[in-house]
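Going from the sequence shown to the numbering used here is simple: count from 1 and add 5. Ideal Cβ placement from N, Cα and C applies to all residues, glycine included. Values in this document were obtained by computation on a predicted structure and should not be read as measured data. Working notes for the structure below.
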Amino acid sequence: MPLHMHERPREGAKQVPLTDAERDARVQLAGCYRIFHMLGWTELIFNHITLRVPGPERIFLINPFGLHYSEVTASNLVAIDIDGIPVRETAHPINRAGFVTHSAIHGHLDGAHCVMHTHTTTGMAVACLKEGLSHDSFYGAQLHGAVAYHDFEGVTVNPEERQRMLEDIGRKKAVILRNHGLLSWGADIPEAFMWLWWLQRACDIQIDAAAAGTMNPIQAQALAQCVREAGPAERVVRELVYAALVRRLDAIDDSYKH
């Protein structure tokens, strides 16, 4: 499978109409791409954040292949089906091979409406470590028992890898793709973002601390107290955090909405 494809909708398929729900999702996702750019979580034109459009149709939004995250807007996102085929005519190519991982999670994990994947330097560095993520930091402790690992099998273009990946991930929303990078998923952008942010911060601290000396171990009872619990309060926190980032983005540049 080529790394990028410029495809038309399936022959004979009806053009899927653009709904208000999709318009809203487009603005949300384009804003997320710009926030990643603002945070420095970019890798030239590579990697993806995908978001399912609310509604009965299984439609997903993905970035056009060839654009930097700073260039992504609501109007140039591409709407695709679960196989990565555009659901309507588009002027933009997509990295269909890059959607293999996302499609596995979107298609088989209930509530996985947003999937994020990054190649940050410290994220990839930790992914390359035999021992993986250290939990001997404030953020690492909060992820104790919550991180899944999937072994590297080469560039993720083989659909047969998806089942093995799903078995490794289970229901864990913070994922380290060994020798590769980081991944997170959630019911919406704020949830997926917060899992990735905790994971990224833990990686940042681990790499910096390791360069300075030996990390001080956190005791088991303290680790147990730090683990984050899902619930209404946690949902409010992640929504507040993400809303603050959107406000910061809008103050800098709100062109992503167009």
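If only complete runs of 4 or more residues are kept, the segment 20 to 80 shows the alpha helix (DSSP H) at 25 to 44, in order along the chain.
In this structure, the straight-line span from the alpha carbon of H107 to that of M43 is close to 23 Å. Counting the other Cβ atoms within 10 Å of the Cβ of Q33 gives 16 or more, which makes it buried. For G137, the closest of V152, A235, N100, M199 by C-alpha to C-alpha distance is V152.
Taking C-beta atoms as the reference points, A132 and H185 count as a pair closer than 8 Å.
Taking the Cα positions, G145 is about 29 Å away from I50. If you draw a straight line from the Cα of R63 to the Cα of A256, it is about 33 Å long. Take the alpha-carbon of L250 and the one of I40: they are about 7 Å apart. Inclusion of I90 and R15 in the CB contact set at 8 Å is warranted, their separation being smaller than that value. Secondary structure in the segment 107 to 153: the beta strand (DSSP E) runs of 3 residues or longer, each lying completely within the stretch, are 119 to 123 in chain order. Under the DSSP assignment, L201 falls outside any beta strand (DSSP E), being part of the alpha helix (DSSP H) whose first and last residues are 194 to 217.
Of all alpha-carbon atoms in N68, M121, A179, S142, the one lying nearest the alpha-carbon of T219 is that of S142.
Here DSSP, grouped into helix, strand and coil, assigns V246 to helix.
Around the beta-carbon of S189, 16 or more other beta-carbon atoms lie within 10 Å, marking it buried. If you look at L82, you'll find it isn't in any beta strand (DSSP E); DSSP assigns it neither H nor E.
Between the segment 205 to 223 and the segment 110 to 130, the count of Cβ pairs shorter than 8 Å is three or higher; the stretches touch. The residue among E94, V160, H155 with its C-alpha nearest the C-alpha of F104 is V160. The residue among L72, T55, G116 with its C-alpha nearest the C-alpha of D86 is T55. Sequence-distant partners of L72 (beyond 5 residues in either direction) whose C-beta falls short of 8 Å from its own C-beta, in its chain, are I50, N81, H97.
E234 counts as exposed, since fewer than 16 other C-beta atoms from the protein chains shown sit within 10 angstroms of its C-beta. Annotated three-state conformation of V180 is strand, per DSSP.
A residue is called buried once 16 or more other Cβ atoms fall within 10 Å of its Cβ, and D259, having fewer, is exposed. For G191, the enclosing beta strand (DSSP E) starts and ends at 186 to 191. With fewer than 16 other CB atoms across the displayed protein chains lying within 10 angstroms of its CB, H263 is exposed. In this structure, R93 sits near A84, with a CB-CB distance shorter than 8 Å.
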